[in-house]
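4 protein chains.
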Amino acid sequence: METQYQQNKSRLDLFRQKVYIIIYGVNTPAGKAFDIGLLVVILLSVFTIMLETVEGIDLIFHKELMLLEWIFMVLFGLEYALRIFVSRKPVKYIFSFYGIIDLLSILPMFVSIFISGSHIFGSLRILRLLRLFRVLKLMEFMQESSKLKVALMASRAKVLVFLYTVMVISVLIGTLMYYIEGPENGFTSIPKSVFYTIVTLTTVGYGDIVPATPVGQFLSMALMVTGYGIIAVPTGIVGVEIARQFSKAATGNDQNIRPSQQDSLNGVVCAHCNREGHRNDAEYCYHCGHSLHI
Amino acid sequence: METQYQQNKSRLDLFRQKVYIIIYGVNTPAGKAFDIGLLVVILLSVFTIMLETVEGIDLIFHKELMLLEWIFMVLFGLEYALRIFVSRKPVKYIFSFYGIIDLLSILPMFVSIFISGSHIFGSLRILRLLRLFRVLKLMEFMQESSKLKVALMASRAKVLVFLYTVMVISVLIGTLMYYIEGPENGFTSIPKSVFYTIVTLTTVGYGDIVPATPVGQFLSMALMVTGYGIIAVPTGIVGVEIARQFSKAATGNDQNIRPSQQDSLNGVVCAHCNREGHRNDAEYCYHCGHSLHI
Amino acid sequence: METQYQQNKSRLDLFRQKVYIIIYGVNTPAGKAFDIGLLVVILLSVFTIMLETVEGIDLIFHKELMLLEWIFMVLFGLEYALRIFVSRKPVKYIFSFYGIIDLLSILPMFVSIFISGSHIFGSLRILRLLRLFRVLKLMEFMQESSKLKVALMASRAKVLVFLYTVMVISVLIGTLMYYIEGPENGFTSIPKSVFYTIVTLTTVGYGDIVPATPVGQFLSMALMVTGYGIIAVPTGIVGVEIARQFSKAATGNDQNIRPSQQDSLNGVVCAHCNREGHRNDAEYCYHCGHSLHI
Amino acid sequence: METQYQQNKSRLDLFRQKVYIIIYGVNTPAGKAFDIGLLVVILLSVFTIMLETVEGIDLIFHKELMLLEWIFMVLFGLEYALRIFVSRKPVKYIFSFYGIIDLLSILPMFVSIFISGSHIFGSLRILRLLRLFRVLKLMEFMQESSKLKVALMASRAKVLVFLYTVMVISVLIGTLMYYIEGPENGFTSIPKSVFYTIVTLTTVGYGDIVPATPVGQFLSMALMVTGYGIIAVPTGIVGVEIARQFSKAATGNDQNIRPSQQDSLNGVVCAHCNREGHRNDAEYCYHCGHSLHI
C-alpha cells in the first residue's frame, strides 16, 4: 500500500526524496559518500583560506586561489540550495544552527559579486571556517566519538572544579610574582604575571618572561613541580570516566566499575519487591530474600 | 515550645537570625544567592586590582577604577560589620582565619582615608586577594570538590615522596650540568643550573638557557625523556586514588577497588552459607536467601 | 629418516643451513648474538652518519669517519650477500621491504666507487638510516613490545578521533588568533597561527611567537588550560587499553576487564546449570562441577 | 645467659653498641633523630655548596660560607670516624658504596689543610653531593617509597621498550628535519636536529631552534601531537603497576587486578589436582571437576 502511494508521487517528489536520503542520510552508501565528499571539500576550502594568508603563496598563486574560492562557493551554494529544496521544513533548516552557518559561509562571496568592497568581503570570507563545525558533526556518527563525548561530559563537573581551583591559585601566585619580580624583570602588570604563572603551571613555558630574582626562581620551580604533579588530577578524572565508558561498551555491561547498573541490564529484577542491582551470580534477592529464579 | 520561644524573641533578634541564615547558610535559596553574589564581588574586586597594574588602562580609567575600589570596600565593610553583628560568638569570628582575612582586605582602604600615605596603601590593597581563599571555601560545599580533596589528601604522602626524589635528582644533575656547561653557556651558578634542570625535567622548557656542549645536550635529552617517562608516577598515584573515591560514590561502596575492606567494614558474612560480598544495603544473602540480620 | 637425509646433503648445504639459522633464527644463542651484533653495528653506523654532519668533528676526524663508513659498508654488504646466499627464496628476500632497505643502505657507497660524484653519494648515504627499521623489527621479538603494540593498535581509532578533534579546534582557534593578534605581533599567516595554537595546546611552548594583545593572551591562557585538561583523554584511552593487555598477560585471560566477552569467545556456558564466566582453560563448571565439554 | 655475657662486656663495648644503634638503627627514637639530623646537615651542606657558586653571594659572605664548610667537614669527619669505630666489620664499611662516598665527601677538605692547592680542592668539594644518595637511602625506609620503587621496577622493561622506540623514531625524524630545514634555519647538524626532535616530542619546547619552512613546521606539528598522544603510554604502564601495588597493600590481596594470585592467597587449591586460580565463588575445580569444599 505504501509502495502504491510512492508510485503515485510525482517524479519531482521522487527526486527530492532521493536527494534527501543522500544529503541527510548517513547509513546508505550514497549518504556516506556525500558526507565524506562534503568533509573533503570543507577541509580543502579551509586549507585554501589558510594559504591565502601566506604572503609568498598569495603573490604567486593569487589567481588560482581565487578560482578555487569560486569553485568552493558554487559547491557550497549548490549544497545550500539543495538542502532547502529537499527539506520537508525548509524554514526550520534555514534558521537552524547549521542552516545559518551554511548561509554565512557563502554569503560574503555572493555579496562581493554585486558590491565591489573586496576589503570587507576578504575578512568575512573567514566565516566559512564555521563549516568545520559540520565536520565535527559528521564525526559524531562514529561510535568512538560519541563515547568520548559522554566520558568528557560525565567528568565535566569535576574537571571544572579542578580548573577553577587552578585559576584561583594562578591569580594568587601571579600577583605574588608581580610583587617579587616587578616590572624591571618583565612582569609589567598582574595580568601579565598571571599569564606567566599559567604558562609555567601548565608546563607550556614560552620563555618570553623568565624570573630573574632568586625568590622568583624558587617560587617558579615550586610552581613547575606543582604543575607537574597536579596534571595527574584531570588525567585521573577523565581516565576513570573513559575506562567506565569503554568497558561498558566492550562487555555490554560495566560490571567491574559500576556493578549495580550492570545487573539491571541483564534483567535481574526481583519479582517480589522489584529491586534491581543484584549480583550477577545472586540466586536470592538481597532485599526481601525471595528467589530470583522464579 | 521552641516555636513559642522564637516568637518571644525581639524583632532585632529575628532580623539577626534571618541575616545569619543568609550569610552563614548554604542550603537556603537566600544563602546560596548571597554566596554567589559574594563570589562575584570578590572576583570583580580582584579583577579591578589586576587592571590597575596595567599601565595603559590605569592612565585612562584611573578615576573609574578608584570608584570601583571604594564600592567594593563599602560592600566588604558592610559584610564584615554584618558578620560580626549576627554572629553568636563575634570575638571568635574576628580572630578566626577568615575573620582576619576579611579585616585585612578592607583595612588598607579605611586607613588611607585618615592617613594620606597612598604609597603604603597601594601595596597593601593587594591583601584583598586573600579573599580568594573564601572563594575556595565556597567551592568546598560542592560535592565534587570535597571528593577531589580527599583523593589528593590520600595520595599526598606518595606524591611528596616522589617530588622529593625528583628534587634530589634535580640537584645532582643540575650540579653536573653546571660543571659540564659552565658560566660561559649561561649556567652561571648551581642554583641556576638546578633551575634549568627542573625547567627541563617538568617539560616546561623556557629556553632562556640551553645547553651548548654535546655532553650537556646529551644529558639534557636523557633528562627530557626521563621527565616524559616519570610524569606517569604522580598520574598513576592520583589516578588510582580518584578512581577509588568516585567509584565509591557511584556504587555506594567501593567494592570494585577494595572489596574485602568494604565487606569487613559492615561485617556482612552470611550466617548460613558464610558467603561474603553482599551489598551494603543487603538484608538477605544473595546466595542462600537467608536473612543477614540474624 | 630425516637425519639420514641431512647427512646426505652436501657440505655447502650444511653451511648454508647453519648460516640461515644464525641470520634468520632468533631462539638459538648464535642467532641472538647475530641479532645483537647487527643492532650494535646499525646503531654505530647511524651514529657515524650523525657525527659527519657536525662540522667541528668532520673537519678533524674526516679520514677516520670515512674509514668507519667503509667498514660498515663491507659488513652490510657481506650481510646482504649472505642473506641472498642462504635464503631458500632469494628473489622474495631481494624484493621484500627489508631486502630493499638492505640494498638501499649499501648501494650509494658501492656506486661511489665507480662514479666519482661524491656529492650525490653524500646525501644518499643517509638511506642507511632506514636500517633503523630493522632495529625496530628486532625489538618485536620482545614480548613487552608486542603487547604495547597491540594496546596502541586497539586504542588507535579512539586516539585518532581525539586527535582529529584537536586539529579542527586548532584550526578554528588559530584563525581566531590570526585576526586578534595580526601580522604585527608575529602571527603573519593562518598556518603560522595554527602552528602557534598547536605549540600551545600540546604544552610545547617554543616562545618564538607570543600573544601581545590582552584578548590574545586571554585566549592563549584558555588554550593552555584546555590543553592541560584534555591531555587526559589520550592518557585515559591508552591507559585502559594497556591495563587490559597486561592484566590479560598476568592472569592468562582478561577476566577482570572484559569478563563476558572473553567468556563468550569460547562459548563456555555450562550445559547443566547455564553458568557463564568460566576460565578459558576450564574443563569443569565452577558451580555444579559438570564437564564443560559435553 | 646472653644478658650475662653483655654485662661482662667492657664499658667501651657498651658505648660502642649504643652508638651503633643510634647510627645504624632506624626504629629507635635516637636512631630516627640521628637520621633526620644527618639528612638536615647533608641538605644544608649541599645548599652551602650551591650558594658558593652564586657570584654575588660568594663575594659578600665568602668567610661565613667557608666557616660553614669547615663545620660540615668536622661533622662528617666525626660521623665517618664513629661509623668505623662502632662497626663490627670496619673494613667492610670502608670499602662499601656508602663508605667510599662518606670518605670522598670529606677527603678534599682534609687534603686542602696540608696541600695549599685550593684550586683542585674547590672542584673536588662537589663530591659531597654524592651524600645525597644517603638521603635517598634514608627515604627507602618509608613504606610509600619502597612501593613506588617496586611499581617502577615492575614497569621498567615496558617503559624501556617504549623509550627505545621513541629514541629510534627521534633519530629518523631528526635526520629528516636536518634535510628539510638545513643549517640556514639553525638545524646545523643531525645531532642538533635530533636534540630539537626530542625537545619537541617530549613537549619541552625550548624554542632556541624553530622550524622555518612550511614542510618542517608541518612535520613539527605532527611531532607535537604525536608526543601529546603517546605520553599516554608510560602513564598507562606505570599507572597500572601503581594501581596493582597500592591496591594489593590496601586489601591484603589484589583481587581486581590479578585474580588468580589472590585466590591462592585464600587457600583455594584443588585437593585433587592441586590447581590454583579458581573463581572466588567456585564450588568445583575448573580443571578436574572435584568439589573444592572437601
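Keeping their order, the protein sequence lines are chains R, B, P and C.
Position 238, counted from 1, in the first sequence is what our numbering calls 238; the numbers after and before it change by one each time, with no gaps.
Residues are numbered in our numbering as their position in the second sequence, beginning at 1, plus a constant of 294.
Residues are numbered in our numbering as their position in the third sequence, beginning at 1, plus a constant of 588.
Residues are numbered in our numbering as their position in the fourth sequence, beginning at 1, plus a constant of 882.
Note that beta-carbon positions come from the ideal geometry of N, C-alpha and C, so glycine has one too.
For residue i, three-class secondary structure by DSSP
i	result
Ser734(P)	helix
Val993(C)	helix
Lys677(P)	coil
Thr641(P)	coil
Pro819(P)	One detail in the question is off: residue 819(P) reads as Ile in this sequence, not Pro. Looking at Ile819(P) - three-state DSSP - the assignment turns out to be coil, as it is neither helix nor strand.
Pro802(P)	helix
Ser987(C)	helix
Phe187(R)	coil
Gly959(C)	helix
Ser45(R)	helix
Gly252(R)	Bear in mind that the predicted position of Gly252(R) carries a pLDDT of just 45, short of 50, making it unreliable; the figure below should be weighed with that in mind. Of the three classes helix, strand and coil, the one that applies to Gly252(R) here is coil, per DSSP.
Phe366(B)	helix
Ser684(P)	coil
Thr1079(C)	helix
Thr496(B)	coil
Val910(C)	Per the sequence presented here, residue 910(C) reads as Thr, with Val not at that position. It is coil, neither helix nor strand.
Closest Cα partner of residue i within the set the options
i	options	result
Ala157(R)	Gly817(P), Pro802(P), Phe664(P)	Gly817(P)
Arg428(B)	Thr203(R), Thr165(R), Ala222(R), Glu184(R)	Thr165(R)
Leu67(R)	Leu82(R), Arg83(R), Leu78(R), Ile49(R)	Ile49(R)
Leu1105(C)	Ile983(C), Pro1065(C), Val1053(C), Tyr962(C)	Val1053(C)
Leu430(B)	Leu219(R), Val194(R), Ile169(R)	Ile169(R)
Val54(R)	Leu718(P), Val813(P), Thr763(P), Ala820(P)	Thr763(P)
Ile126(R)	Glu52(R), Leu12(R), Gly182(R)	Glu52(R)
Pro214(R)	Gly99(R), Ile180(R), Leu12(R), Ile190(R)	Ile180(R)
Leu397(B)	Ser406(B), Val380(B), Glu373(B), Ser381(B)	Glu373(B)
Arg1126(C)	Ile1091(C), Leu1034(C), Leu1012(C)	Leu1034(C)
Leu653(P)	Phe635(P), Gly665(P), Val787(P), Leu663(P)	Phe635(P)
Val368(B)	Ile388(B), Arg305(B), Pro402(B), Lys357(B)	Pro402(B)
Ser189(R)	Gly350(B), Asp329(B), Gly331(B), Val527(B)	Gly350(B)
Cut-off 6 Å between Cβ atoms - residues of its own chain near residue i, not counting five sequence neighbours on either side
i	result
Ser155(R)	Ile237, Val238, Glu241
Phe309(B)	none
Val798(P)	none
Phe61(R)	none
Val194(R)	Ser170, Val171, Gly174
Phe954(C)	Ser927
Bounding residues of the alpha helix (DSSP H) (the contiguous stretch that carries residue i)
i	result
Gly501(B)	Counting along the chain, Gly501(B) falls outside any alpha helix (DSSP H), and DSSP gives it neither H nor E.
Ser1054(C)	The identity of residue 1054(C) in the sequence shown is Leu, whereas the question assumes Ser. Run containing Leu1054(C): 1038–1063, per the alpha helix (DSSP H) assignment.
Ile905(C)	893–906
Chain-order list of residues whose beta-carbon lies under 7 Å from that of residue i (same chain, five-residue window excluded)
i	result
Gly907(C)	Gly913
Thr491(B)	Ser464, Ile467, Gly468, Met471, Leu517
Thr281(B)	Only positions 295 to 588 of chain B appear in the structure, and residue 281(B) is not among them; the question remains open.
Own chain, CB closer than 8 Å to residue i, minus 5 neighbours either side, in chain order
i	result
Leu670(P)	Val607, Ile611
Tyr681(P)	Arg671, Ile672, Ser675, Gly687
Thr852(C)	Since the displayed chain C opens at 883 and closes at 1176, residue 852(C) lies outside it and no answer follows.
Trp658(P)	Met697
Query raised in the report: Going along the region 486–505 of chain B in order, which residues come within less than 7 Å of chain A, judged by CB to CB distance?
Result: The structure shown has no chain A; the protein chains it does contain are R, B, P and C.
Query raised in the report: When you check each C-beta in the region 935–962 of chain C against every C-beta of chain B, which residues fall closer than 8 Å?
Result: Thr935, Val936, Glu937
Report task. Check each residue of the region 1105–1117 of chain C: if its Cβ is closer than 8 Å to any Cβ of chain R, include it; give the result in chain order. Result -> Thr1117
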